[in-house]
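Be aware that the sequence shown starts at 140, since it is given in our numbering, and climbs by one per residue.
Beta carbons are placed, not taken as given, at the ideal position from N, Cα and C, and that holds for glycine.
Model, not experiment: these values are computed from the prediction.
Presented below is the structure to which this report refers.
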Amino acid sequence: MTAPDNTLAPAATAPHDLLAVAGDPGGGGNVRPGYDPRLANEDLAPLRTQKWTWYNIFAFWMSDVHSVGGYVTAGSLFALGIAAWQVLVALVVGIVIVQVFANLVAKPSQKTGVPYPVVNRAIFGVRGANIPAVIRGIIAIAWYGVQTFLAAQSLNIVFLKFIPGSAALLDVSFLGLSALGWISFAILWVAQVALFWNGMEVIRRFIDFAGPAVYVVMIVLAIYLVSQAGWENIDLNLSDPTAAPHDFWGTLGLMAMAVGIVVAYFAGPMLNFGDFARYGRSFGEVKKGNFWGLPINFLFFSILTVLTAAATLPVFGELILDPIHTVEAIDTPFAILLGGLTFVTSTVGINIVANFIAPAFDFSNVAPQKISWRMGGMIAAVGSVFLMPWNWYSDATAIHYSLGILAALIGPLFGLLVAGYYVAAKQRIKTDDMFTMSEKGAYWYRNGYNPNAMKTLLVAGIPTILIAILPKTFADAGLFDVSWIGNFTWFIGCALGFVAFVVFERRDPQVPTFAGETEGISDGTAPESAPAAAETVA
């Protein structure tokens, strides 16, 4: 089929030597004549320019780590009941695993210049790729609403401190949320949409600012509380001192649980990372950004977190793991204003990078000519309101049985992507064939679906969902408690997805490797050229 009249002329250079990014006014993708309009628009097509440096990737991870959720997660690990040094060892192991997997998921998107749902066309088929896209999109919508709600709670504190009359709005509610809550939620909802609407370049500038800004406040907060407490009064072991000590195997189990929690916390951003890695100037730049943004950044942030949390015990007489409550406890106008707005900023940052960009690409991938990148994001934003997260987020059972089912599929999807790209495709993708519905296209498979990927999703997904759901059901019924296995569903799902797809592909190969071909092939095994150099594809 021919491209629509408004598509761009064929580029003389590869997608690695191009000019704008998705969401910018001029359009960012190189939609070539011959791209099927049912699969292509300027947001999904290979980029005209890939210009993000290692610092932009570093800032991406800062925005992801420096959030209320990241703070609480890091603090909770130090309260598991093991020594601080053992927690740090588990943190290093967990975050290095995240770094390795982030590099794995980054490569196919950076090399081809396309986002996650498009890369999946090479594995699931040009039609089948909509399945992982929709799964990922639904998960992101739910958590987008949750994060906006949490940021609104921070904004509520600012309103209550500086506008005392706003307390009356807490007594008026609609659909389960107070009037003040609706005002704060609406302000943040509009602010995030406005930021998103201005495109990836503006988002890049925002996350470049947000991560360091939160660091400044975190450092100031830590210094203030430590000085108030006195260094000699700080105990980095946040666990219950009356709890019985653990033996060797018990300690090892808790360390493994901490590793699982770290990886699970980053499971969503890891799967989404290709949407951002595609903008990297080179894969080397992406790997450098991941190194500084994950092990280095996360460990420093965790140390700041545990120092701050440990200091709350001698200063306030109780251990406070939530930074919003810490700032509230200080109870000075400047601290509440600075802390409240900073944590609002940090939550907006993680929401944009983890829960807004992903569904924008996912829903656009379903119907590119009808749903643009911006419209895909708006579907997510509007959908997050209709889900009314304030009514169910505090209900652990609702979270477990609703989001738990979908979240359990993140591991299998990850394992499928890694097996498909690195083992089955041998890192070789024919980029243009991801944009054709021709039955002669490399990724048409069977009516647009790769049967091996479909079978793998069932074989890996169903057991992982059962593992995520049944242990809690058994424990709640008073039978036996193996709920600890829930911390490892990502690993289990990823392993099942990887192994099953490799087995199916070896028994009945479907994914092409294009052995002996060079024209139009993105070859991830080829030596990387300098970032400034053009990498021409015919």
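- I660 is bridged by DSSP to K569.
- Contact check for P472 against V207 fails: the beta carbons are separated by 9 Å or more.
- Contact check for G432 against Q249 fails: the beta carbons are separated by 9 Å or more.
- Between the C-alpha atoms of Q238 and A272 there is a straight-line separation of about 23 Å.
- Taking C-alpha positions only, I362 is separated from G350 by approximately 19 Å.
- K190 is positioned such that its CB atom lies no closer than 9 Å to that of F422.
- Taking the CA atoms as reference points, I278 sits about 45 Å from E371.
- If only uninterrupted alpha helix (DSSP H) runs of at least 4 residues are considered, those enclosed by the stretch 203–261 are 207–216, 223–251 and 255–258.
- Nearest C-alpha to P651 among K565, A241, N586 and W629: K565.
- Per DSSP, reduced to three states, the secondary structure at S485 is helical.
- The closest CA to that of K509, considering only A179, G168 and N169, is found on A179.
- In the structure shown, R420 adopts coil according to DSSP, grouped into three states.
- According to DSSP, G168 shares a beta bridge with L186.
- Assigned with DSSP and collapsed to three states, S312 falls in strand.
- Straight-line spacing of the CA atoms in N295 and E467 works out to 11 Å.
- Where M514 is concerned, the enclosing alpha helix (DSSP H) starts and stops at W512 to F525.
- Contact between F415 and F199 holds, since their C-beta atoms are separated by about 6 Å, short of 8 Å.
- When beta bridges are read from the DSSP output, S317 appears opposite S312.
- R417 is the residue among W388, F495, R417 and R646 whose C-alpha sits nearest the C-alpha of N242.
- Checking the DSSP bridge columns, you'll see W191 partnered with G419.
- The shortest CA-to-CA distance from T486 to any of M593, I346 and P185 is the one to I346.
- If only complete runs of 4 or more residues are kept, the stretch 592–648 shows the alpha helix (DSSP H) at 628–646, in order along the chain.
- By the 16-neighbour rule on beta-carbons within 10 angstroms, I475 is buried.
- Residue burial annotation: I302 is exposed, with fewer than 16 other C-beta atoms found within 10 angstroms of its C-beta.
- Rounded to whole angstroms, Y194 and L410 show a C-alpha spacing of 20 Å.
- Comparing alpha-carbon positions, the option among G655, I221, K300 and G663 lying closest to L477 turns out to be K300.
- The residue among P648, G600 and R646 with its C-alpha nearest the C-alpha of T628 is G600.
- A distance of 9 Å or more separates the beta carbons of G663 and L552.
- Distance from the CA atom of P176 to the CA atom of A281, rounded to whole angstroms, is 29 Å.
- Following the DSSP letters along the chain, one finds F553 inside the alpha helix (DSSP H) bounded by residues I549 to V557.
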